[in-house]
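> Sequence positions in the sequence shown follow the working numbering and run 14 to 206. We treat Cβ as the ideally placed atom computed from N, Cα and C, and that holds for glycine. None of the values given here were measured: they were computed from a predicted structure.
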Amino acid sequence: SGCGAVAETLIVYLSHSGVLERLRQREECVVFEVGLGTATSFLLTAALAQFHRTPLVYHAVEWMLLPVELFGQLQLPSAIERCLSSGLGQAAHGTDPHLGEPAFQAAEFQFLPQLVETWCDWVSQTMFSSDCLSYRCQLSAWVRLELYLGDARAGDAAWRKHLPRGGCDAIYFDPFSPETNPELWSRPIFTEL
């Protein structure tokens with residue numbers, strides 16, 4: 014995203030997917046993300062779920078978890094503050110009257126520092142091994158992550174077992190770009206999802 018990962022998460026993933034509306038209405042939400050990466054989308058979604066006291070079950074498939082030090086260096090609480098104060102958390106008005114709404118409130122992210130800390134603690138304390146590809150992180154009373162570390166390409170069927178049973182409310186598809194990961198930007202993957 015030209016506006017950065019935080020604005021992309023707020024506009025594309027949270028607002029346009031309907032996840033924000035579900036969380037604000039306190040409707041349990043199930044999200045499936047392809048490409049957890051820096052965990053920005055996960056942590057911002059988790060902060061909203063925590064603030065609105067809404068159950069969130071977040072499934073993610075990731076090829077390789079990033080080093081825990083990186084998550085802290087991102088300074089996500091400061092990034093969300095900058096994004097909101099600069100207006101990047103709001104889509105531009107266009108022909109759709111819903112674009113530009115809803116405005117995100119800084120208070121909705123008040124639990125973000127605590128969630129980032131809990132996430133970093135969990136990553137640093139979890140013994141990741143090549144024998145185990147599936148992990149569960151209970152980030153808070155409201156937020157649970159089901160993480161699968163493996164290959165999401167169409168040729169590898171193992172990740173399919175980790176798709177949410179009964180479907181999901183939104184898919185965050187974030188494996189960088191088609192130029193970077195062309196094998197993930199393919200019809201078989203989209204059909205499966």
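Using a 10 Å radius around the Cβ and a threshold of 16 neighbouring Cβ atoms, would you call Asp134 buried or exposed?
Start at 1 with the first residue of the sequence shown, and residue 134 comes out as number 121. The residue is exposed, with fewer than 16 neighbouring Cβ atoms inside 10 Å.
> If you draw a straight line from the alpha carbon of Ala60 to that of Leu33, how long is it in whole angstroms?
Counted from its first residue, the sequence shown places residue 60 at position 47. Counted from its first residue, the sequence shown places residue 33 at position 20. The straight-line gap from Cα to Cα measures roughly 11 Å.
> Can you tell me which of Glu121, Val19, Glu46 and Cys150 puts its alpha carbon nearest to the alpha carbon of Leu87?
Against the sequence shown, residue 87 aligns to sequence position 74. Comparing Cα-Cα distances from Leu87 to each of Glu121, Val19, Glu46 and Cys150, the minimum goes to Val19.
> So what does His72 bridge to, in DSSP terms?
If you number the sequence shown from 1, residue 72 lands on position 59. In DSSP, His72 forms a bridge with Phe45 and Glu159.
> Have a look at the DSSP bridge pairing and note the partners of Ser99.
For the purposes of this step, residue 99 is taken as residue 86 along the sequence shown, with counting starting at 1. According to DSSP, Ser99 bridges with nothing at all.
> On the premise that Glu159 lies in contact with Val70, defined as a C-beta separation below 8 Å, what is that separation, rounded to the nearest angstrom?
Indexing the sequence shown from 1 puts residue 70 at position 57. Indexing the sequence shown from 1 puts residue 159 at position 146. Yes, they are in contact, since the Cβ atoms of Val70 and Glu159 sit about 7 Å apart, within 8 Å.
> Does DSSP put Cys145 in a helix, a strand or coil?
Residue mapping note: residue 145 aligns to position 132 of the sequence shown, counting from 1. Strand at Cys145.
> Specify whether the segment 182 to 197 and the segment 26 to 41 touch according to this definition: at least 3 beta carbon pairs, one from each stretch, less than 8 Å apart.
yes
> Would you mind sorting Ser28 into buried or exposed? The rule is 16 or more other CB atoms within 10 Å of its CB.
On the sequence shown, residue 28 is found 15 positions in, with the first residue counted as 1. Label assigned to Ser28: buried.
> Quick check on this structure: which residue in Tyr148, Val47, Gln127 and Leu89 has the alpha carbon closest to the alpha carbon of Tyr26?
On the sequence shown, position 13 is the one that residue 26 refers to. It is Val47.
> Going by other Cβ atoms of all chains shown within 10 Å of its Cβ, with 16 needed for buried, is Cys145 buried or exposed?
In the sequence shown, the residue the question calls residue 145 occupies position 132. Label assigned to Cys145: exposed.
> May I ask you to list the residues that DSSP assigns as paired with Ile184?
If you number the sequence shown from 1, residue 184 lands on position 171. Residue pairing by DSSP places Ile184 opposite Phe45 in a beta bridge.
> Keeping to the same chain, check which residues put their C-beta closer than 6 Å to that of Pro16; ignore five residues upstream and five downstream.
As a first step, residue 16 is located in the sequence shown; it is residue number 3 there, counting from the start. Correcting the residue type first, residue 16 is Cys in the shown sequence and not Pro. Counting only Cβ-Cβ distances below 6 Å, and skipping sequence neighbours, we find Leu101.
> CB-CB under 8 Å to Arg149, same chain, minus the five flanking residues each way: which ones, in chain order?
Numbered from its first residue, the sequence shown carries residue 149 at position 136. Counting only residues of its own chain and dropping the five nearest sequence neighbours on each side, Arg149 has a CB closer than 8 Å to the CB of Arg157, Leu158, Glu159 and Leu160.
> Going by DSSP in three states, Cys16 sits in which element: helix, strand or coil?
Mapped onto the sequence shown, residue 16 falls at position 3. Residue state, collapsed to three classes: coil.
> So is Thr108 buried or exposed if we call it buried at 16+ other beta carbons inside 10 Å?
Against the sequence shown, residue 108 aligns to sequence position 95. Annotation note: pLDDT 44 at Thr108 (below 50); position unreliable, coordinate value reported separately. Under this definition Thr108 is an exposed residue.
> Identify the continuous alpha helix (DSSP H) that holds Pro201 and give its terminal residues.
Here residue 201 refers to the residue found at position 188 when the sequence shown is read from its first residue. It spans Arg200 to Glu205 - the alpha helix (DSSP H) in which Pro201 sits, taken as one unbroken run.
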